[in-house]
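Working notes, structure below.
Numbering (my numbering), first residue to last: 95 to 258.
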């Protein structure tokens, strides 16, 4: 009798362990490298399961497509400047706030920094990369992460702080 109860107990423990492993294995999700990069860039970390599950395949979009002029007028000057800079553009000669709004309206269709980096990582992940191309990709991603302008000279990447 005691041997039978020990066997039943061991079978129950084994069944619980097997079901726990099955549940844990179902939580493992393959996330493309560009989306992992974006999660880390947004300080969500790769351990946040809800964030990983919320990601959809394809390019992420942090912008509102076809934002109206009224919506852009409701944004602060700081937000408008950030939107313009995030699209790797500038507003030369923008003296008044309405110039900023107009420039933000013009550049809203351009890809954001996140979208450009995600696209670069997606493309680089799908083809053979030569050393010069690898350096270009590395310079682009390094510049995006450190908010610098990176250039390649003699197989060396040089980065300069962007103008504010």
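By construction, the Cβ of each residue, glycine as well, lies at the ideal position given by its N, Cα and C atoms.
Treat the numbers as computed from the prediction; the structure is a model and nothing was measured.
Counting of Cβ neighbours within 10 angstroms places residue 209 among the buried residues, the total reaching 16 or more. Between the stretch 168-180 and the stretch 197-209 there are three or more inter-stretch CB-CB distances shorter than 8 Å, so the stretches are counted as touching. Secondary structure of residue 254 (DSSP, three-state): strand. Taking the Cβ atoms as the reference, residue 211 lies roughly 5 Å from residue 238, within the contact range of under 8 Å.
For residue 206, there is no enclosing alpha helix (DSSP H), as DSSP marks it with neither H nor E. Looking at the DSSP output, residue 175 shares a beta bridge with no other residue. In the DSSP annotation of this structure, the continuous segment of the alpha helix (DSSP H) that includes residue 236 starts and ends at 225-240. In the structure shown, residue 244 falls within a strand segment according to DSSP collapsed to helix, strand and coil. For residue 229, the closest of 253, 256, 246 by C-alpha to C-alpha distance is 246. C-alpha of residue 233 to C-alpha of residue 206: approximately 17 Å in a straight line. Residue environment: residue 105 is assigned as exposed (fewer than 16 neighbouring CB atoms within 10 Å of its CB, all protein chains considered). In the DSSP annotation of this structure, residue 202 is not part of any alpha helix (DSSP H), being labelled neither H nor E.
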